[in-house]
Amino acid sequence: MSASEFEATQSERTTPTVPSLENVDGLACEDLHPPHETSYGRFFGDVPILDSVAPQRTREVQESNPYLVPRKQEQLFTSNGIDEYELPAFKTSDFPHRMCPPNPQQSDPWEKGRWKKEVNPDGTMYFHKIYKVNNGSLSIITEARLYADDELEEVNSFANYMWHHIKLARHHFTDPRHLEVVLNVKIDMTTDKTIWSYYFVDHSHRVLFWMRNHKPNHHLYPARRLITCSPEHLRYLLQAMYWEHCALYPHHGGSSDHTKLVTELSWCAAESVIAPIRYTAPYTADEAVRLRDQLDYLWKNADTHPHCYMAVAGRVISCLELWRYDDFYGTEVMRHFRGQSILEPRRDSALYRVITPLLFYAPLSHLFDCRSVYLDGNLANEPEWATHVKKLLSEWEDLVLYATILLNANVAFLAVPTAVFFVGTSTTTSSATAVSPYAITSCCSLLASIGSMTVGLLLVRQHRGEEVIDNPRTNKATFMHERRSTRFEFELLSILYSLPYVLLMWSILLFLSALMVFVLSDSDSHTRAITGIALIFIVLLVLWCIGMGWSSSPDHGFFLRCWTDSMATTRASAARVMVTASLGVAKKLSHRTTDLIRIGIRSVARLKSERKCTEIAGKA
């Protein structure tokens, strides 16, 4: 949809076609004590005191969205002392409801507001109600626990309050038949404060809207460094929220284009195989094919179970629309590769450039991966994150195994008496100076191996479970946001992730040094020659391997940047030195020239004076 069409969509809502809205379902707007303003936009949010609710409780109206509904934010708990339910005699249906968790004051939502209970296919319970108007109806949905008397009163009061403001802004609602409003309340007994949250759903245009100015992406991306480019770009987020709403409440959601949906999933399956590097959609080929098959089956049975189809289709479409919003789909800065940032590359800190060579440039690959999965302040899609964590876990587990093997090698080396003490030194001496340098080096290698094992095991423990997609016990966005430094970004995290490898490499070098010093110090010339040749040959092979992978690794670019920066700094320093030296020489020459000129002037004046005296003496 173009920007002009989007603006036209917004302007259509302002057409004053709504008839008069009067009292509905026994909730009269006169029960409110509203402010005396005449423009709803000036006082909306100043929650009045309602006759039916305790006046000492503070209330606040907040904008919400389908990603912030109660089922995604909180979990209710029940006590262990609940009595077993007793079945009434001769009853086969219409059992009295018993709240779980129990509440001292229970109510009947149907009798006190005509709230109808609905259940999502995932088991979540919610309530639905319809306000009748002259030309249609307005649906209201809530996830509040309406079997509790206090929450039922709050929701009824909130619904009455919103209905009052809808009447005041009737010229903004073109047709209530295509509108829904989701209301939720959160009561905090400790502070006597209640949060009233809401959002409107427009089924005709498949977007969400609110009655006050609102930034819909503020709560979704707290660390996002990018902004919305255009109304077209923002519409993808609004549509993602709309389809997420349809998935949450499938009994009342809109209809989807099944042909378009399965076509997009087929494109995902094909594109991920044809161009895997350029493929940025959220589903892998196998996932897209399985979703397409399941949606086809659900679509064939949509006549009998439409809510099951809508629950799945809504989630899939919402995920695709959110991907389009995150990747700036249809804009000039659209991401064309996985892990591609649309911001200018961030310059590495000077401290990082100094430390990285000592760490064998191992943090660079981790820095690149962290930036790829946490692009511009928001987390990448679930499959990419799961692949990233699986790779980390596999690498750390292998490094722990290698460090264990090297630890055994150091222990075996230190078990040799001549490797620990100098030749001719008694093994019973307690003097610290009697320990050989290669034994000390081997001990350092042993400690490095232990450090590699310890850090590796800790990292595996901290990241275990993060590789599972949709793990309810983890919050991946918070996980990465808390590990991202404001000053150094992911530089510190990349160093931490590389520590098992770095410590293992230092352990290998120290063990090799201890072994070579031990062999070359107390051996004959033939042993030294053969061992030296073997060492040189191994070093050449290692350097050859490093050189082959250097040009294609991210270390190469980092080294070139460091080399370019150092050369630029050197040239700038040399230029400053040359300029300073030139200025010093020029200054000295200038002083010398001035002195010579002064001497010359004095000499000329002296000659003139002597000539004049000679002439006067000749005349006399």
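Residue numbers (this note's numbering): 779 to 1398.
Every residue gets a Cβ at the ideal spot worked out from N, C-alpha and C, and that includes glycine.
query	result
Assign Y1152 to one of three DSSP states: helix, strand, or coil.	strand
Along the chain, where does the alpha helix (DSSP H) that runs through R1093 open and close?	1084 to 1104
Skipping 5 residues on each side, what residues in its chain have a beta carbon closer than 6 Å to that of A1292?	Y1216, T1219, S1220
On the DSSP bridge list, what partners appear for R837?	T972
Thinking R984 and Y1020 are a contact (beta carbons under 8 Å), I'd like their distance in whole angstroms, please.	5 Å
Decide yes or no for the touch test of the stretch 1157 to 1166 against the stretch 1228 to 1235: beta carbon pairs closer than 8 Å, at least 3 of them.	no
Of all the options P1135, G1117, R1125, K1169, which has the alpha carbon lying nearest to the alpha carbon of D1154?	G1117
Flag this pair as touching only if the stretch 1010 to 1027 and the stretch 985 to 999 have three or more C-beta atom pairs under 8 Å; answer yes or no.	yes
According to DSSP, is S1301 part of a helix, a strand, or is it coil?	coil
Taking the Cβ atom as the reference point for each residue, do L986 and I918 lie within a distance shorter than 9 Å?	no
Among R1124, W1101, H1036, which residue has its Cα nearest to the Cα of Y1087?	H1036
Find out if the Cβ-Cβ distance for the pair R955, E841 is shorter than 9 Å.	no
Indicate the three-state DSSP secondary structure (helix, strand or coil) for S770 in the structure shown.	Limits of the chain in this structure are 779 at one end and 1398 at the other, which puts residue 770 out of reach.
Which of the three DSSP states is assigned to Q1072 in this structure?	helix
Grouping DSSP H, G and I as helix and E and B as strand, with all else coil, what is E889?	coil
When you compare only the Cα positions, how much space is there between R1380 and S1368?	18 Å
Mind checking who I965 pairs with in its DSSP beta bridge?	T972
Pull up the DSSP beta-bridge partners for T920, would you.	F905
Should I1095 and S1044 be called a contact, given that it needs their Cβ atoms to be closer than 9 Å?	no
Report all residues from its chain with a CB closer than 8 Å to the CB of L957; omit the five preceding and five following residues, and keep chain order.	L916, S917, F951, F978, V979, D980, H981
Would you decide whether T1392 is buried or exposed? Buried here means 16 or more other CB atoms lie within 10 Å of its CB.	exposed
Note down the Cα distance separating G1378 from T1358, rounded to an integer number of angstroms.	30 Å
Between the beta-carbon of W974 and the beta-carbon of V839, is there less than 9 Å?	yes
If you pair each beta-carbon of the stretch 1124 to 1142 with each one of the stretch 1166 to 1185, do three or more pairs fall below 8 Å?	no
Could you give the DSSP three-state label for E864: helix, strand or coil?	coil
For P1195, which option in L1274, F1296, S885, L1287 has the closest C-alpha, if you only look at C-alpha atoms?	F1296
Hey, could you find the ends of the alpha helix (DSSP H) E932 is sitting in?	927 to 946
If we call anything under 9 Å between Cβ atoms a contact, is Y1027 one with N898?	yes
In three-state DSSP terms, what is S1263?	strand
By how many angstroms is the C-alpha of P1123 removed from the C-alpha of C1148?	14 Å
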